[in-house]
Each structure stands twice: as C-alpha cells, then as structure tokens.
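S.K.:
Have a look at this one:
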C-alpha cells in the first residue's frame, strides 16, 4: 500500500451498513422528474414539451457550451416541463415524465457494430452523446475532460477511493461489475493512448481490489490496481493525483496540468455501457443509508426517481429524521425538502435521526491548529475563518481561500466545532463578488474614458 | 409509510458529521495529564498541595463565571479551560503560600489576561504564567521560599510561617563568579543526587519538582494528540544542548542533567509552552517557538537576576507568536512541482 497526501481526517466509515448488500433494482417509478441541470455548466434546453411521447434513452435536453445532454430514463408521456426542486438547492426547469411501464428503448440508442474498432474521435463522440458526467458528484462533463486531456495526459486514474463515509456504490460496482470497470478503463487507455490505467482504491475494500485483479488477469487488461491509505479526502481529485504520482496540481489548475485525468468508477462503467451498448446515462446506483433509514441498501434506479421512493424501498424513514443529505456526510448537501429527484451526481442519500453531529452554542476557536494539520490543501482554516467572518476580502485572497475545496476535514476535526466550511463558502462568495465588482468598475471606467476620448475627437473636428 | 411532506428538516452546510474531540475533552486530557504530578506534590509537600490546587481551580472558575455574568456573556466555565489555568497556576507556586494570595493570581490570570482579551484562545500570554509573574513581583518573599520536603510538610490549614525552607537546586547553580558556582554546585550534588532530581524529592514550586511524572503526563498528551512533540522536544533539547556545551561547573552531562530536572523546565515545556492560545499554530512554528524558549531560559538562568528562566522565557516567546505564525505558514498546495518526500512511501 502506498500513498499519502498531507493532512486529512479519518472518520468512522459507516460502510458496514451497506457494503455487503448487492445492488438492488428499484421497482419502476410511476413518474420521474428529470432536472435540466445535472452537470457542471449551464443547464440544458428541453427538447420535449408536455404531451410528447418519449422512450428510454431518448435525448430530452441539449447542452450549450460546457455540458452534457440529458436523456429520458423511462418511456412514457411528458406531463410537464416546469421548474421543480432539485438536489443543488432551489428549483430548476425539469421534464416530468409519466411512466407507461413499457420500457420502450429509443431508436436513438444504437450499439456500435464493433466497439473495439472505433476510432478515438468516435468514442469521444459516443461519450458526449451518452451524457456522461463525473458520477462521483462533481458532474464535470466527461467528454470535455477526455478531449481536453488527449495529448497532455500520461496518467489515467480511475477513482475508486470512495473515501466519504456511508457510500458503498463504487465498492459494490467493483464487486458486481468489475468487467464494466476494467472494460471502461481499457477504452480510456485507448482514448488517451496510454499504456496503463491506474485504479486507486482505499484498502478498506480489499475484496473489491481482489475482484478487479482477477478480471485484469483474465483479460490481460492494461490496468493496475493500487491500494490507497484510508484517509479522507483520498478521493479528492487533487489528493488522488498526489497520492498516485507524487505531483501536486498547481493552484487553480486541473489534473491535466500535471498530466493526469481522473474518472470515477461508476463513470468508467457508464463509458463502457455507452461504447458497447449505446445506452446513455439513464440509471444511477444510490447508497441509501444513515441512522434515519430503516433498512439501508444500495439501489439502482432511473435518473429522475423521487428520493422518497428510494427511502420507501428501504423501509421508510424513522421518526425524528431531521436531516436529508444528497451526497456523503462530509460534502453532501442538506435538503430542505424530500421532493427532489435522483440526478447523475447523486451517489448517496442519507437520512439522519440520531445526533450524528454535535454543534455547540457560541463556538470559540482555541487555536489548537488541528485544522491546519487536517487541511489537504495546506491552508490555515483558523485564520481564513477570522477573515471570512470579518469580511476581509484582501486577506482572504492572500490566504488563498479559493484553493479551498470545501472537503470539510477542518470542520470535522475542529474540537471547538466552528462552522469552518460554512464560513469558507461565504468567504469564497465574498471574494467572487468583490472580483466581479472590480471588473464591472474597471469596464465602466474604460467605457467612460472611451466616451470621453470620442467626445474630444468630435470637438477637435 | 413515511409522511415526506411533513418532515422537519434542518438544512445546514456540510460537513454533517464531526469528530469526537471537543474543547472540553482536550482540557480534560490536560487535567488528567497533570494528576500524577499533583499526587506526587501531595506526597512530597503534604496535603496542602491538593488544597492549594483546589482553591486555585475554584478561584479561576469563579472569576470566569463572575466576569461573564457581569459582562452578560455566554458562560464558558464548562469548557474546563479555567480549571487547567487554576491547576497550572498552583503548580508554579510554592506550596506554603497563603490561600488568599493565589486567589489574587487567579483573578489576574482569568480576568485581566484571559477575559479582557476576549476569552479562550484570544489571550496572548499564558494566563497561569502571567498570574505567577504578578505574584512574584508583588510578594517576592513568599514566592521565593521553598518548603524543604526532606525535613517537613506544609500544613493544610493554619500558618506555615515557621516551616523549614530550602533553596531550589537552581539557586545553587548561580553565583557571582565561576569559583563560587563550582563550590555551590558541588554542595548541590552532595545534597541531591540526580535521581532525587529526576523523581522530584527537592524543593521548588509544588507541581514542577517531579520531572519523571511530568514527562509521563507530557507523553500522555502527545499520545492523545493533544499536543505535538515539536514544542517540548525543541524546548528541552535546546536547553540540553546549550547546558551541555556550556557548563558553568562540573562536567557537561552533570550540569545538563541538573539544569533539566531542577526548576520548571518539564512543566513549562509540556504544559505551558504548548498552550494553544499562546503558541504557534503550525508544527514548523512550534519548533521555532520551542528553540526560542530554550535559548531564553538558558540566557536568563546564566545572565539574568533570577535563578529560574522558564516562566519569563515562555512569556517572552508568547509575544513572538504572531511573528512566528506569519513566517511559518504551510507551503501552498501545488507550488511544489514534485513532492518526492511525500511519495517516497511507495
């Protein structure tokens, strides 16, 4: 085993609740709500309207600029195209489809005649049309990552760290779908023209590592599995690159700056499925867990399934459930309503009813420095907290607040229970607002000067 | 099934789980780490050691409560930091001092040094050491006479005026010229063996005498990850190196051992210099801080008018903390091209 990055924390992984439970298929939902924003970038434009008939895999949302298309996950009739709540907070234009339970597959879904004979461009095109995004939760469009990285990337990394507590979807995929992962990794090797793809897995998933090694040996795949130390946030893109290559992504940069490209295990599965069957992303494996869930499970469901159906499938919620989280407990978003659908980035739905977190009234920093020791980005959270709470934008910039990736390691470790991550989100917004204001002011000044110069010219004439 | 429309949900920022450690548990660990030395103090100086500590702790908690009550601030007595201050202050005082006197030190430490600067984590010098400094300046006689544990114990109640006192080992290690230091150092070696010194069967402030038990407490704190090893190791190491290289009498090793175990070095290095609020936040900074404390301690012991330099050296270094923090920031992530060191674990 190798590999470390500086800092991090080691929370109780809580994975025992679901890591031995096979992925179950959710009974077809009667209705799905498909948000038009499931990726990093501008929302999609809906291609359907109320009353239209759609089939599984049919494109219903087209992207502009940075993004990925969105497809119908069930067949049926579009009931409405309207704003609905979604997991990132607030409402977003969504396509509501009444399921006709026919599971008709769209004609758009065409399996390539010979997947192994495809050219690189063809494969990237397939990935793009399949609407694949980073399934780990960041939802960066995968085709952009691939086409932008070809030529620059010499190390392709598959992220199987799954360092967030509770989540076991990647682990189950390693056990149940190793062929898809290794197959997808092989296609990635081909696309990037690299000899080896590295799969990084935390060593608490030894059986997953063994299973993938079996498949690699059987297929002579150009893939190696590398065990990683159990340490949150080992699965953070920058930390994973650092652990595997020893190189650090420069500030504000991307893994491609140091010749790396990172893909989640489930993203790799999606790539394999798209290239071999032509099926776009219409399903998602979700770990449903937490103290508020009666019977935690790993569930595969169509994109757009209301999360209440997931909880019902897992025996419902216990009384006193006070928190629903889309994502893991360290970085997931707490929801104000259960009326949200599963999206491409939803790998986990947690419900808490016990005291998983203990807040204190009037938290006071004691300067213990444990947050500095925990920060994988080498920041000094205690000072950032001071600056952010006082709104000191210049100090925030000097202390590199924009390097913060909001992993929550500092807040997790803080004995005084300061709301560090919360304050950094606020602080980053302050910095962004100040930058936007400065830019607008500069533009206004320039415009005014231009206008003045023009006027002078007119007068001179 | 579950009524999803009527869930009472809380939406807060991530992370949604927290570690088990809290300010209170940290302070409790520090208290636990000081208990062996406290028990030894009772054994060495009599039960008055326990009474003095109890009075000091009660005083600190009371003054903290009083200030916050008067200022209409939320009470922080339950975070136990005032208990630690109370214990530490009693540890650096002579056991026979009157109870009212330590209460003055408590009041100064808690109200002036800690609360007026904003409470826990915001004071810039160590409250217990500042309390001691004030007492030393105000009651120099009482604060510099030490019960001789070999002859008698201090009475828990009543006057200790006629108690037999003895000089601390450090007093023997000081003199106007080399010859007098050599003579008194020989006398010291005759009075206390190195093992007496290490175990703490010597005169001195009640909590500082047993180097052994303070090291036990310090190791417990390092094991519990309450403190980092950087500060105490740098501090003690610096004093060891300097006294070994520049002995004023006897051999280097002898002089070094008597310097390490006499006086408040162990208490200072493990419990005072590691105070979160008044020491640097990075490990790099803590190394610098520890070395600085060591240098000042030896300078004061060698060239100052006091026999002991631990208290003032730590207080002086407290004033450098902001500066040290500024120059020992972590290297920004991604500005190192290839960190071979971190990857060498492969």
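Residue numbers (the working numbering), protein chains in the order written: chain A, 10 to 470; chain B, 341 to 686. From the three backbone atoms N, C-alpha and C, an ideal C-beta is built for every residue, glycine too. Quick caveat: nothing in here was measured; it's all calculated off a predicted structure.
By Cβ distance, which residues of its chain are closer than 6 Å to residue 261 of chain A, with the 5 residues on each side in sequence left out?
M.R.: Same-chain partners within the cutoff: there are none.
S.K.: So with Cβ pairs under 8 Å, would you call residue 389 of chain A a contact of chain B?
M.R.: Chain B contact via Cβ: present.
S.K.: Comparing the C-beta of residue 371 of chain A with each C-beta of chain B, is any distance below 8 Å?
M.R.: True, the Cβ-Cβ gap to chain B drops below 8 Å.
S.K.: Nearest to residue 269 of chain A by CA position, among A:121, A:158, A:118 and A:375, is which residue?
M.R.: Out of A:121, A:158, A:118 and A:375, A:158 has the C-alpha closest to the C-alpha of residue 269 of chain A.
S.K.: Does residue 22 of chain A come within less than 8 Å of chain B when only Cβ atoms are used?
M.R.: It does not: the Cβ of residue 22 of chain A has no partner Cβ on chain B nearer than 8 Å.
S.K.: Does any CB atom of chain B fall closer than 8 Å to the CB of residue 240 of chain A?
M.R.: Closer than 8 Å: no.
S.K.: Going along chain B, which residues have a C-beta under 9 Å from residue 25 of chain A?
M.R.: The premise fails here: residue 25 of chain A is roughly 15 Å from chain B at the closest Cβ pair, so nothing lies under 9 Å.
S.K.: Are three or more beta carbon pairs between the stretch 547-562 of chain B and the stretch 365-374 of chain B nearer than 8 Å?
M.R.: Yes, the stretch 547-562 of chain B is in contact with the stretch 365-374 of chain B.
S.K.: Under a Cβ-count criterion, where at least 16 other Cβ atoms within 10 Å of its own Cβ denotes burial, should residue 591 of chain B be classed as buried or exposed?
M.R.: That one is exposed.
S.K.: How long is the line joining the alpha carbons of residue 382 of chain B and residue 627 of chain B, rounded to whole angstroms?
M.R.: Approximately 34 Å between the Cα atoms of the pair.
S.K.: Spatial neighbours of residue 160 of chain A within its chain, please: CB distance less than 7 Å, with the 5 preceding and 5 following residues excluded, ordered by chain position.
M.R.: Once the five neighbours on either side are set aside, residue 160 of chain A has no close Cβ partner at all.
S.K.: Can you have a look at residue 422 of chain A and say buried or exposed, based on whether 16 or more other CB atoms are within 10 angstroms of its CB?
M.R.: By the 10 Å Cβ count, residue 422 of chain A comes out buried.
S.K.: Would you call the CB atoms of residue 264 of chain A and residue 15 of chain A closer than 8 Å?
M.R.: Contact flag unset, no.
S.K.: If distances are taken between C-alpha atoms only, which option among B:635, B:446 and B:423 comes closest to residue 578 of chain B?
M.R.: Out of B:635, B:446 and B:423, B:635 has the C-alpha closest to the C-alpha of residue 578 of chain B.
S.K.: Mapping DSSP to helix, strand and coil, what is residue 616 of chain B?
M.R.: Residue state, collapsed to three classes: helix.
S.K.: When you compare the CB positions of residue 26 of chain A and residue 305 of chain A, do they come within less than 8 Å of one another, or not?
M.R.: Yes, the pair counts as a contact, with Cβ atoms nearer than the cut-off.
S.K.: With 8 Å as the threshold, decide whether the Cβ of residue 660 of chain B is near any Cβ in chain A.
M.R.: Chain A contact via Cβ: absent.
S.K.: Are the beta-carbon atoms of residue 630 of chain B and residue 573 of chain B separated by less than 8 Å?
M.R.: Yes, the pair counts as a contact, with Cβ atoms nearer than the cut-off.
S.K.: Starting from residue 93 of chain A and walking both ways along the beta strand (DSSP E), at which residues does that stretch end?
M.R.: Segment 85-94, the beta strand (DSSP E) holding residue 93 of chain A.
S.K.: Tell me whether residue 424 of chain B is buried or exposed, calling it buried when 16 or more other Cβ atoms sit within 10 Å of its Cβ.
M.R.: Buried, because 16 or more other Cβ atoms sit within 10 Å of the Cβ of residue 424 of chain B.
S.K.: At 4 residues or longer, and completely inside the stretch 110-170 of chain A: list those alpha helix (DSSP H) runs for me, N to C.
M.R.: As far as the stretch 110-170 of chain A is concerned, its whole alpha helix (DSSP H) runs of at least 4 residues are 129-138 and 151-158.
S.K.: Give me, in chain order, the residues of the same chain whose beta-carbon lies closer than 7 Å to that of residue 479 of chain B; leave out the 5 immediate sequence neighbours on both sides.
M.R.: Cβ within range, chain order: 441.
S.K.: Looking only at C-alpha atoms, which of B:570, B:432, B:429 and B:589 sits nearest to residue 515 of chain B?
M.R.: It is B:589.
S.K.: Using CA coordinates, which residue listed in B:568, B:595, B:571 and B:445 is at the minimum distance from residue 581 of chain B?
M.R.: It is B:595.
S.K.: Would the beta-carbon of residue 295 of chain A fall within 8 Å of that of residue 178 of chain A?
M.R.: Cβ atoms of residue 295 of chain A and residue 178 of chain A: closer than 8 Å.
S.K.: Assuming residue 108 of chain A is part of the beta strand (DSSP E), what are its boundary residues?
M.R.: Segment 100-108, the beta strand (DSSP E) holding residue 108 of chain A.
S.K.: What residues in the stretch 432-454 of chain B have a beta carbon less than 8 Å from any beta carbon of chain A?
M.R.: So the list is empty, because no residue satisfies the distance condition.
S.K.: Any Cβ of chain A within less than 8 Å of the Cβ of residue 685 of chain B?
M.R.: Confidence at residue 685 of chain B is low in this model, with a pLDDT of 38, below 50, so its placement is unreliable and the value that follows should be read with caution. With 8 Å as the cut-off, residue 685 of chain B counts as an interface residue toward chain A.
S.K.: Do residue 47 of chain A and residue 133 of chain A come within 8 Å of each other at the CB atom, strictly closer than that value?
M.R.: For residue 133 of chain A and residue 47 of chain A, no; Cβs fall outside 8 Å.
S.K.: Output yes or no for whether 8 Å exceeds the beta carbon distance between residue 357 of chain A and residue 190 of chain A.
M.R.: No.
S.K.: Roughly how many angstroms separate the alpha carbons of residue 437 of chain B and residue 543 of chain B, rounded to a whole number?
M.R.: If you take the alpha carbons of residue 437 of chain B and residue 543 of chain B, they lie about 14 Å apart.
S.K.: Should residue 490 of chain B and residue 386 of chain B be called a contact, given that it needs their Cβ atoms to be closer than 8 Å?
M.R.: No; because the gap between Cβ atoms is not below 8 Å, this pair is not in contact.
S.K.: Can you tell which of A:154, A:163, A:32 and A:395 has its C-alpha closest to the C-alpha of residue 267 of chain A?
M.R.: Looking at the Cα atoms, A:163 is the closest of the given residues.
S.K.: From residue 253 of chain A to residue 205 of chain A, what distance separates their C-alpha atoms?
M.R.: Using only the alpha carbons, I get a separation of about 13 Å.
S.K.: Just to check my reading of the structure: residue 220 of chain A and residue 184 of chain A have Cβ atoms closer than 8 Å, yes? What is that Cβ distance to the nearest angstrom?
M.R.: 5 Å between Cβ atoms; contact.
S.K.: Per DSSP, what kind of secondary structure is residue 563 of chain B in: helix, strand or coil?
M.R.: Helix at residue 563 of chain B.
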